[in-house]
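Have a look at the structure below, then the notes.
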Amino acid sequence: MAQTAVADSETGQSLKELARRNGLTAAGRLPGIAEYTRHLWSYRHFIAAFANAKVSASLGTTKLGVVWQVLTPLINAGVYYVIFGLLLNTKQDTNNFIAYLCAGVFIFGFTQSVVQAGSMAITSNINLIRALHFPRASLPIAIALVEVRNMIASMAVLIAIILLTGEPLTVQWLLALPALVLQAIFNAGLALFVSRLCAKVTDIRQLIPYIMRIWMYGSAVLYPVTFFSDRLHGWQLALVEANPMLVFIELIRHALMENVTLAASPLRLWTYAVIWTVLVGVGGYVYFWRGEKGYGRG
Amino acid sequence: MADERVPTVIADNAHIVYRIYGSVAPGANTPLASFKRLVTGKKSAAVREVHAVKGVSFVAYRGEAIGLIGTNGSGKSTLLRAIAGLLPVERGGAIYAAGQPSLLGVNAVLMNDLSGIRNVELGCLAMGMSPAQVKERTEEIIEFSGIDERGDFSSLPMKTYSSGMAARLRFSIAAAKKHDVLLIDEALATGDAKFRKRSEQRVRDLRAEAGTVFLVSHSEQSIRDTCERCIWLESGVIRADGPTDDVMKEYETYVRK
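Here the protein sequences come in this chain order: X and Z.
The first sequence begins at 1 in the working numbering and counts up by one.
The second sequence begins at 1001 in the working numbering and counts up by one.
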């Protein structure tokens, strides 16, 4: 082995050359985005298994287990109904305020929980990241998947509430499906974006509850969307109406309920939804990929 | 001779610097001090730099097992992390590796709330195995780890395991795959004598399968048993690089001093 040391020092400056000749790659090299995407695709089974593991790990400590997936959205809707429907009586002229409110709460909750979990995606799995090599985007994507699973339970509850409050079942209900698919992709992009941001700037995590609260008030979750058009004008109104969460909530209300006043025409809402999904989906993915090599640093 | 040997890891003048946030001297993090920093635009005192590895160069070849020795805080674990691509090397130097080196450390926790068997499945998938391969290997991994020797522990959550059992399971998972480069950080130090013997055999097998193994350990015995080459790091600089016996002798005289 002593000869090796001598041989190395003789070829000192050509270590790089030696590495190149033997096809070695620099540790910590960032793969191209196409290569990264292929790599990520080959880890799809891991992503699914990780999402399942997350659900069973979080529910495994409770006695009711999976029942919580249905119970949580029910309690959530109940709390908001008592405060805004009974105590403050914001229903004004909206007919079927309960269904209106629940659609808002559930759809907003879908994105909110993704953002909350996404902010922890890297930091809470740092040991896994430091131990094993896998495309890091698996983690936020798995988290977005977990929330899709939770959302299926929430949707069942929401549909029951809407039917019980007297809305008819129409063909238009089918529109809820593409709207949810768009939102799920939007959420995945958001989870990717937030997880890198929170891994890099840890202070942001402290601000997330406030950001989400402001976002909720700007999304017409708790009051009719006409609240905005009555009070805001010009660019301010345009800004609020372009809010992706408002758009997704309105699309679901439009799909599942009759006689709701929308913020804009359905065509405009769909256009906004598609633009936001592409923008946040692709943008979040690219942003996360750019930071791929830094996540192990913690 | 050197021509026939295939290099698997090459470190070329590698410098590694840690940036540590939040470790401030008392008094530097008061609201007043923070405000002063904001006003004067000075760089935050909360970021400190630690130069852990200073210009390390070596070539590791296929089939070698290399022991990394040195006193605490000499940069051994940092170097392993950099080889694994988890820590970036500073500009000017580089570390090249064949394939994707895998780091196996004792503090690598999978998911504590899940059973051992599900952790095995998850770990294998995370290493890039296909579901079919995972199915095939799971039993073998559990058996090798020996956690089922005293009853059905593999179906219990990992948080119920003793630290030795958990370390054994983690080692077994990582050692189940053929790695081009396997980096082991003190992993053999845990576990009982029986398991240690078995894992040392496994490290030798992995080497025979044409991989390269790096082992960081404070156990002189496990280094002597598994590695024929040793790199001695001290304060981030290579003090010696050569056959284990020679380097060990030098190191021991240094430590006893």
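Note that beta-carbon positions come from the ideal geometry of N, C-alpha and C, so glycine has one too.
Across the structure, X:N22 and Z:P1007 are spaced so that their CA atoms are roughly 7 Å apart. At least one CB of chain Z lies nearer than 8 Å to the CB of X:H45. Z:D1012 sits in a strand when the DSSP states are folded into three classes. Non-local C-beta neighbours of X:N96 in its own chain, meaning closer than 6 Å and more than five positions away in sequence, comprise T165, ordered along the chain. If you ignore the 5 residues before and after Z:E1234, its C-beta comes within less than 6 Å of the C-beta of G1070, S1074, all in its own chain and listed in chain order. Apart from sequence neighbours up to five positions away, the residues of its chain that approach Z:V1089 with a beta-carbon distance below 8 Å are A1014, H1015, I1016, A1082, I1095, ordered along the chain. Listed by position along chain X, the residues whose Cβ is nearer than 8 Å to that of Z:D1225 form an empty set, because the closest Cβ is around 17 Å away.
At least one C-beta of chain Z is nearer than 8 Å to the C-beta of X:N22. Membership of Z:D1205 in the alpha helix (DSSP H) is indicated by the continuous run 1193-1208. Under the Cβ criterion of 8 Å, X:L139 is not counted among the residues facing chain Z. Z:R1150 and Z:S1115 have their C-alpha atoms some 16 Å from each other.
Shown here, Z:C1230 sits in a strand according to DSSP, grouped into three states. DSSP lists Z:H1051 as the bridge partner or partners of Z:V1017. By the beta-carbon neighbour count (other beta carbons within 10 angstroms, threshold 16), X:T111 is buried. By the Cβ neighbour-count rule, Z:R1207 is buried, with 16 or more other Cβ atoms within 10 Å of its own.
Contact check between the segment 1158-1173 of chain Z and the segment 1119-1127 of chain Z: three or more CB pairs, one atom from each, fall below 8 Å, which counts as touching.
Excluding residues up to 5 positions away in sequence, A255 lie with their Cβ nearer than 6 Å to the Cβ of X:L175 in the same chain. Contacts with chain X at 8 Å (Cβ-Cβ) include Z:L1103. By the neighbour-count definition (other C-beta atoms within 10 Å, threshold 16), Z:D1012 is a buried residue. Chain order gives no chain X residues near Z:P1031, where near means a beta carbon separation below 9 Å; the closest approach is about 15 Å. With respect to chain Z, the C-beta atom of X:G296 has a partner C-beta closer than 8 Å.
Chain Z places no beta carbon closer than 8 Å to that of X:L158, leaving this residue out of the contacts. In the DSSP annotation of this structure, the continuous segment of the alpha helix (DSSP H) that includes X:D230 starts and ends at 226-231. Annotation: X:I159 to Z:L1079 spans about 56 Å, alpha carbon to alpha carbon. Of the other Cβ atoms in all chains shown, fewer than 16 fall within 10 Å of the Cβ of X:W235; this residue is therefore exposed. The straight-line gap separating the alpha-carbon atoms of Z:V1213 and X:V115 is approximately 40 Å. For the C-beta of X:H133, the chain Z residues within less than 7 Å are, from N- to C-terminus, Q1100, S1102. Within the segment 1071-1143 of chain Z, the alpha helix (DSSP H) runs of at least 4 residues that lie entirely inside it are, in chain order, 1076-1083, 1116-1126. Taking a beta-carbon distance threshold of 8 Å, Z:L1125 counts as an interface residue toward chain X. Taking a contact to require three or more Cβ pairs closer than 8 Å, the segment 46-57 of chain X and the segment 131-150 of chain X qualify as touching. The DSSP-derived three-state label of Z:T1253 is helix. Taking the C-beta atoms as reference points, X:V260 is found nearer than 8 Å to X:R253. At least one CB of chain X lies nearer than 8 Å to the CB of Z:V1006. Assigned with DSSP and collapsed to three states, X:P168 falls in coil, not helix or strand.
Below the 7 Å Cβ cutoff, chain X contributes A27 as neighbours of Z:A1082, in chain order. In the displayed model, Z:S1057 falls within a strand according to three-state DSSP.
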